[in-house]
Amino acid sequence: MSSSSRSLPAATDLEGRIARLESRLEQLESLFRDGVGSPVPLPSPIEDGVVPAEGPALEVRMGESGLAWVAGAVLPIGIAFLMSVLFSAGHPWFACLTGFAAATGLFAVSRLGRGSSRTIARVMGVVAILLAFYSTARLHFFSENPPIGHPILGRLLLIGVVAALALAAARNRADGRTGLGIVLALVAGLLSGVVAVPAAMIVAVAASVVFLELRRGSTALTLWTIVFVQAAIATVLAGNPVAAHRFEVVTHEPLAVPLVLVTLALFFLPSLAKRGEGPFSGAGFLQCLNATGAFFLVSVIAAAGSRVDVPRVFVLTTAVFLILAIAQWKRTNSRFYPALFASFGFLAMSIAIYTGLGVPRAFLWLGLQSLLVVSLALWFRSRLLVMANVVIFVGVLVFYLGARQPF
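All the letters of the sequence shown, read from the start, carry residue numbers 1 to 407 under the UniProt record's numbering.
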């Protein structure tokens, strides 16, 4: 009797659960029959601002990109040809105004077209910068009877326009346009034909890019600027063919060595803020390129110059490299940068001793230099300097054994 009374509530509870499940299933079936419970549609990728990369949308994007680059190649050539025709017809001012009007229109297209097509906007912006530079340059350069005949006014106008374009690109954080502005600034300096103008422009460009590197870390822009600046210095040493001069090696240029060493020191400044950067980092590669390029240019100047005091040049180079190495060590206690610059400094010292004293007197001083290298290597705790010392010592030994006159 008691067992049957206990099983009765359990059966009743089970029947109640089954009834509730049946009622819920009936409700779900009715909802599906009415269409209310149909699956929720997935959001359209077009409504969310994402265009699927297939079908006509992909073709549209490829067409826009191709059209942008074709227009970027054709437009400046066509407008430059039109300006040349107007110059030949005796309308130089109208030709330059045509170029400025085209550049202004392309700037407007670039600014208004950012929302619809970034590729077209970016390419039109680059073309506008090139046209503005070319139109300004035609006011004084590339013509026998230019609209502005005064050389100082023509150079200042071109440099001012290039500086404004580069500053606008830097404010917009457009590294590509900033790099283009840097190249055009260097070209504007080289077009003047006077060595002091490209030298001042090179220093100004280097200082500006170093400022950007310290403010926002534009390592890639700084790296390319080092390449452009050293190429501009090499162009000056080759006689500056950009200014329609004859291509020849300049045998005596007093500003060449100071210019190389000043740019070396300027591009070295960002490394003072880098702690723990190794040789395989972006900053490490930047300083390797900086030191190697500067030493190569100094060597070319010393080798090509007929009236160059080679020992004095390399003594100055030694002083700059060693001062930068010690400053880096005192600032950051880094091992790579001080060893790198000290190695180039001691290499320059070896050349200065050998060219200044000759054989066999140079051997004694090279041996003393080896002791200095060891002392600095112990201070910097650098294995790179130890290896440099071994190379120097072996070189001194080889020269000593090969010399005809003993000590």
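Note that beta-carbon positions come from the ideal geometry of N, C-alpha and C, so glycine has one too.
Cβ pair Leu223, Leu180 closer than 8 Å | Cβ distance not < 8 Å, so Leu223 and Leu180 don't count as in contact.
Where the alpha helix (DSSP H) containing Pro311 begins and where it ends = That run of the alpha helix (DSSP H) goes 310 to 332.
Considering only residues of the same chain and omitting the five flanking positions on each side of Val197, which have a CB-CB separation below 7 Å?
-> Correct list, in chain order: Arg155, Gly189.
State the CB to CB distance for the pair Val127 and Leu184, rounded to an integer number of angstroms; the pair is presumed to be in contact (CB under 8 Å).
-> For a cut-off of 8 Å, the C-beta gap from Val127 to Leu184 is around 13 Å, too long to register as a contact.
For Arg335, which of helix, strand or coil comes out of DSSP?
-> Arg335: coil per DSSP, three-state reduction.
Check whether the region 340 to 357 touches the region 309 to 317, counting contact only when three or more Cβ pairs, one atom from each stretch, lie closer than 8 Å.
-> As far as the Cβ criterion goes, the region 340 to 357 touches the region 309 to 317, which means the pair count is three or higher.
For Pro147, which three-state DSSP category applies?
-> Coil at Pro147, not helix or strand.
Rounded Cβ spacing between Phe380 and Ala327 (contact assumed at less than 8 Å) = Between Phe380 and Ala327 a beta carbon distance of about 12 Å is seen, past the 8 Å cut, so the two are scored as non-contacting.
Pairwise C-alpha distance: Arg173 and Gly72 | Roughly 22 Å separates the two Cα atoms.
Is the Cβ-Cβ distance between Gly125 and Arg177 less than 8 Å?
-> Taking a C-beta distance under 8 Å as the contact criterion, Gly125 and Arg177 qualify as a contact pair.
If you drop the 5 nearest sequence neighbours on each side, which residues of the same chain put their C-beta closer than 8 Å to that of Ser143?
-> Phe87, Pro92, listed in sequence order.
Mind checking Ser23: buried by the 16 CB within 10 Å criterion, or exposed?
-> With a 10 Å radius around the Cβ and a threshold of 16 neighbouring Cβ atoms, Ser23 comes out exposed.
When Ala352, Gly293, Leu191 are compared against Ala243, the one with the closest alpha-carbon = For Ala243, the closest C-alpha among the options Ala352, Gly293, Leu191 is that of Leu191.
For the candidate residues Ala234, Ser382, Leu366, whose alpha-carbon lies nearest to that of Val398?
-> Comparing alpha carbon positions, the residue from Ala234, Ser382, Leu366 closest to Val398 is Leu366.
In its own chain, which residues sit with a C-beta less than 8 Å from the C-beta of Leu82, not counting the 5 before and 5 after it?
-> Contacts found: Ala95, Thr98.
By Cβ distance below 6 Å, which residues in the same chain neighbour Val109 in space, the five residues on each side in sequence not counted?
-> Counting only Cβ-Cβ distances below 6 Å, and skipping sequence neighbours, we find Met124.
Quick one, which of Ala170, Val236, Ala168 has its alpha-carbon nearest Met201's?
-> When C-alpha distances from Met201 are compared across Ala170, Val236, Ala168, the shortest belongs to Val236.
Using a beta-carbon distance below 8 Å, is Gly217 in contact with chain C?
-> This model lacks chain C altogether, as it is built from one protein chain only.
According to the Cβ coordinates, are Val260 and Val210 closer than 8 Å?
-> It is not a contact, given that the beta carbons lie outside the stated cut-off.
Run through DSSP, which three-state label would Ser218 get?
-> Ser218: coil per DSSP, three-state reduction.
Burial state of Leu14 (16 or more Cβ within 10 Å) | Its Cβ having fewer than 16 others within 10 Å, Leu14 is exposed.
Shortest alpha-carbon distance to Thr332 belongs to which of Ala304, Leu384, Thr318, Ser271?
-> Selected option, being the one with the closest Cα: Ser271.
Count the other CB atoms, across all protein chains shown, that sit within 10 Å of the CB of Trp329; report buried if there are 16 or more and exposed otherwise.
-> Per the 10 Å Cβ criterion, buried.
Alpha-carbon spacing of Val162 relative to Tyr354, whole angstroms = The straight-line gap from Cα to Cα measures roughly 45 Å.
Residue of Asn290, Asp309, Thr318 minimising C-alpha distance to Gly356 = When Asn290, Asp309, Thr318 are compared, the shortest CA-CA separation from Gly356 is found for Asp309.
Can you name the start and end residues of the alpha helix (DSSP H) that Val195 belongs to?
-> Going by DSSP, Val195 is part of no alpha helix (DSSP H) at all; its letter is neither H nor E.
Count the other C-beta atoms from every protein chain shown that fall within 10 angstroms of the C-beta of Pro338, then say buried if there are 16 or more, exposed otherwise.
-> Its Cβ being crowded by 16 or more others within 10 Å, Pro338 is buried.
Using beta-carbon positions only, say whether Leu340 and Cys288 come within less than 8 Å of one another.
-> Closer than 8 Å, so yes.
Would you kindly work out how many angstroms separate the C-alpha atoms of Gly55 and Ala170, rounded to a whole number?
-> Unreliable positioning characterises Gly55 in this predicted model, as indicated by a pLDDT of 47, which lies under 50. The coordinate reading is nonetheless provided below. For Gly55 and Ala170, the distance between alpha carbons rounds to 38 Å.
For Ile79, which residues of its own chain have a beta-carbon under 8 Å away from its beta-carbon, when the five flanking residues on both sides are left out?
-> Excluding its 5 nearest sequence neighbours in each direction, Ile79 has C-beta neighbours in its own chain below 8 Å: Thr98, Gly99, Ala102, Leu131, listed in chain order.
With distances taken between CB atoms, is the gap from Leu158 to Ala206 smaller than 8 Å?
-> Between Leu158 and Ala206, the CB-CB gap reaches or exceeds 8 Å.
Quick one: using the 10 Å Cβ neighbour count with 16 as the cut-off for buried, is Ser30 buried or exposed?
-> Exposed, because fewer than 16 other Cβ atoms sit within 10 Å of the Cβ of Ser30.
Buried or exposed: where does Gly90 fall if 16 or more other Cβ atoms within 10 Å of its Cβ makes it buried?
-> Gly90 is exposed by the Cβ-count criterion.
Around the C-beta of Arg111, are 16 or more other C-beta atoms found within 10 angstroms, so that it is buried, or is it exposed?
-> Burial call: exposed.
On the three-state DSSP scale, how would you describe Leu167?
-> DSSP, reduced to helix, strand and coil, places Leu167 within a helical segment of the structure shown.
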